[in-house]
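S.K.:
2 protein chains.
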Amino acid sequence: MSSDRSTPVPAPPQNCTPTLPGFTCGLDATLRVISGKWKPLILYFLAQGGPTRYGELRRAVRDVSDKMLIQQLKELEGDALVKRTDYKEVPPRVDYSLTPLGRSLAEALVPLCNWGTENLAEVTRVFAERESLRATRR
Amino acid sequence: MSSDRSTPVPAPPQNCTPTLPGFTCGLDATLRVISGKWKPLILYFLAQGGPTRYGELRRAVRDVSDKMLIQQLKELEGDALVKRTDYKEVPPRVDYSLTPLGRSLAEALVPLCNWGTENLAEVTRVFAERESLRATRR
DNA sequence: ACAAGTATGCACCTTTTGGTAAGTGTCGAA
DNA sequence: TTCGACACTTACCAAAAGGTGCATACTTGT
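Shown next as structure tokens:
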């Protein structure tokens, strides 16, 4: 491993990974951006419904809490996937929509979506087993 | 909204979600299966390299610990995405490969992979900002 | 006057996830 | 005989993710 004990080079280039500092590959990069319990659902919903008001989104994504929705939306906004529009009205009115980048990501999500749908039976079965295993463990 | 206070129905059908018990959509199902820090990388690697021995995989997926690799592999195996082959030899010899299901998932992952690659500049920039924001916060 | 809706912020807590370090048993090499 | 490789396993701990509930400031409806 450490075979250059004799090289006179003071500060070797330390050959780095061929890809970017943080990401091992494109997939890795993508997943960092959509990781988060509700993000894909938000993307999914926005891709279908166009600009959506906060409250509407909140009701659409069942079981999400305010804190979580806001948090995920902010991250998505920070990642330039969604655009927040504040109408500066009172009572507050705000809506969210996909940026071009967000839209393209939503499109890349489609095959995953289809995979899930096509193999829903498999996945459901497998998850049911998991649950029952957990149950028997206790 | 709640206009049937007078309906005589004893146990209303309680109209439930159109999709499966746990999943809001196919995408949701898929993401549950590939969530986990190393799973996509494992899938990715196995898709490219065919059957791979444990140690090899361990060295390929840089920075993963034994515990994590094993754990993720077990889950992937439990989800019927990878197949574990134990040659019952001593010293132990085991390898891992994709099942047909796993292979199809890996294929569905390709667009995401491409998206990440195509938008790597964007994503990297955005993440760099995140990091610097965190840094200034402290 | 009061409740409800609007889009968020914040404090606190629990659960989940990930990581570190050590140990297992058997074999062949040194 | 000790050591390292092999494929794990376990106990313990830290960090991140997620959840609950209360607060804000202003308006409209009752």
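Same order as they appear, the protein sequences are chains A and B. All the letters of the first sequence, read from the start, carry residue numbers 1 to 138 under our numbering. All the letters of the second sequence, read from the start, carry residue numbers 139 to 276 under our numbering. Just so you know, even glycine gets a beta-carbon here, dropped at the ideal spot from N, CA and C.
(1) Inspect the CB distances between the stretch 174-193 of chain B and the stretch 205-225 of chain B and report whether three or more fall short of 8 angstroms.
(2) Under three-state DSSP, which class holds residue 13 of chain A?
(3) Establish whether the CB of residue 216 of chain B and some CB of chain A are separated by less than 8 angstroms.
(4) So which of A/54, A/26 and A/27 has the shortest CA-CA distance to residue 91 of chain A?
(5) Nearest chain B C-beta to residue 104 of chain A closer than 8 angstroms, yes or no?
(6) Contact defined as beta carbons within less than 8 angstroms: I believe residue 121 of chain A pairs with residue 258 of chain B. What is the distance between those atoms, to the nearest angstrom?
(7) So, with DSSP's three-state summary, where would you put residue 79 of chain A?
(8) For the candidate residues B/190, B/237 and B/246, whose alpha-carbon lies nearest to that of residue 231 of chain B?
(9) Could you tell me the alpha carbon to alpha carbon distance between residue 206 of chain B and residue 36 of chain A, rounded to whole angstroms?
(10) Tell me the residue span of the beta strand (DSSP E) that contains residue 235 of chain B.
(11) Check whether the Cβ of residue 40 of chain A lies closer than 8 angstroms to any Cβ atom in chain B.
(12) Specify the secondary structure class of residue 162 of chain B as computed by DSSP and reduced to three states.
(13) Could you give the residue range of the alpha helix (DSSP H) that holds residue 193 of chain B?
(14) What are the boundary residues of the alpha helix (DSSP H) that includes residue 91 of chain A?
(15) Express the C-alpha separation of residue 221 of chain B and residue 162 of chain B in angstroms, rounding to a whole number.
M.R.: So, to answer that:
(1) Contact holds: three or more Cβ-Cβ distances are below 8 angstroms.
(2) For this step, residue 13 of chain A is matched to residue 13 along the first sequence. Confidence is the limiting factor: at residue 13 of chain A the pLDDT is only 22, short of 50, which leaves the residue's position unreliable and the question unanswerable from this model.
(3) Along the second sequence, one-based indexing puts residue 216 of chain B at 78. With 8 angstroms as the cut-off, residue 216 of chain B counts as an interface residue toward chain A.
(4) To locate residue 91 of chain A, count along the first sequence from 1; it is residue 91. Looking only at A/54, A/26 and A/27, the smallest Cα-Cα distance to residue 91 of chain A is reached by A/54.
(5) The residue given as residue 104 of chain A occupies position 104 in the first sequence. Interface residue, yes.
(6) If you number the first sequence from 1, residue 121 of chain A lands on position 121. If you number the second sequence from 1, residue 258 of chain B lands on position 120. 36 angstroms between Cβ atoms; not a contact.
(7) For this step, residue 79 of chain A is matched to residue 79 along the first sequence. Residue state, collapsed to three classes: coil.
(8) Locating residue 231 of chain B in the second sequence gives position 93, where the first residue counts as 1. Nearest option by C-alpha distance: B/190.
(9) Here residue 206 of chain B refers to the residue found at position 68 of the second sequence. Here residue 36 of chain A refers to the residue found at position 36 of the first sequence. Between residue 206 of chain B and residue 36 of chain A, the C-alpha separation is close to 20 angstroms.
(10) Translated into the one-based positions of the second sequence, residue 235 of chain B becomes position 97. Taken as a continuous stretch (DSSP letters only), the beta strand (DSSP E) holding residue 235 of chain B covers 232-236.
(11) In the first sequence, residue 40 of chain A corresponds to position 40, counting from 1. Answer yes: the Cβ-Cβ gap between residue 40 of chain A and chain B drops below 8 angstroms somewhere.
(12) Residue mapping note: residue 162 of chain B aligns to position 24 of the second sequence, counting from 1. Three-state DSSP puts residue 162 of chain B in coil, outside helix and strand.
(13) In the second sequence, the residue the question calls residue 193 of chain B occupies position 55. Residue 193 of chain B -> alpha helix (DSSP H) spans 192-198.
(14) Here residue 91 of chain A refers to the residue found at position 91 of the first sequence. Careful: residue 91 of chain A lies outside any alpha helix (DSSP H) and carries neither H nor E.
(15) Mapped onto the second sequence, residue 162 of chain B falls at position 24. Mapped onto the second sequence, residue 221 of chain B falls at position 83. Going by C-alpha positions, residue 162 of chain B is about 28 angstroms away from residue 221 of chain B.
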